[in-house]
Amino acid sequence: MEWLTAEQQRIWRDYLAMTSRLHTAMHRQLQADCELSLSDYDVLVALSERGPLRITELGELIGWEQSRLSHQLRRMRGRGLVAREGDDDDRRAATVTITDAGRSALETAAPGHVDLVRSVVFDGLSAAQQRAFGAAIDTVLDRLRAAGRADETTPPR
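All residue numbers for the sequence shown refer to my numbering, where the first residue is 1099 and numbers rise by one.
#1: With C-beta atoms as the reference, is L1128 less than 7 Å away from Y1113?
#2: Can you give me the C-alpha to C-alpha distance between E1250 and R1243, rounded to a whole angstrom?
#3: Taking the straight line between their C-alpha atoms, what separation do you get for I1235 and G1178?
#4: Does the Cβ of H1211 have 16 or more other Cβ atoms within 10 Å, making it buried, or fewer, making it exposed?
#5: Among A1104, Q1228, T1206 and V1238, whose alpha-carbon lies nearest the alpha-carbon of C1132?
#6: With the cut-off set at 7 Å, would you say V1180 and G1157 are in Cβ contact?
#7: Give the DSSP-derived three-state secondary structure of L1102 in the structure shown.
#8: Does the distance from the CB of L1204 to the CB of L1142 come in under 7 Å?
#9: Just to confirm the assignment: which complete beta strand (DSSP E) runs, minimum length 3, are found wholly within the region 1149 to 1218?
#10: Note down the Cα distance separating D1221 from L1214, rounded to an integer number of angstroms.
#11: Compute the beta-carbon to beta-carbon distance between E1183 and T1197, rounded to the nearest angstrom, for a pair I have assumed lies under 8 Å.
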């Protein structure tokens, strides 16, 4: 077995630290601004951009297992952020929609979220670095898709 080089190890560990800290920062910002979790935000963004979706389609779009999505949607329905429509006996036919309260929460959350992402991720990178960063992400996602290790879509953050 060939181990990662010292430079590859450094890059990999820095990537893990970056994504962990970025998720924590996004979660804190959303909680402070509008009492949403990052998971709430992911679901609301998907529904606001795509409209009503079957539960299975929503899961595929955001890359979640059905059990995780079901628990998340139950919590969000309880808070009035989403609504479930369809046949209670056929879960595959059920659709999820964003409610007025969900849309309002998203509209409250989005400006702060965009400001955070821009200031932490993009403002520190030149245009060339942003293109290189995007190209590196695309390459990894393409390799994951080709290996059958990722959905065809990525979460909407």
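No residue lacks a Cβ here, since even glycine has one placed at the ideal position from N, Cα and C.
In brief:
#1: no
#2: Only weak support exists for where E1250 lies, its pLDDT of 49 falling under 50; the coordinates are left without a value.
#3: 35 Å
#4: buried
#5: T1206
#6: no
#7: coil
#8: yes
#9: 1180 to 1183 and 1193 to 1196
#10: 10 Å
#11: The pair is not a contact, with the Cβ atoms about 11 Å apart (cut-off 8 Å).
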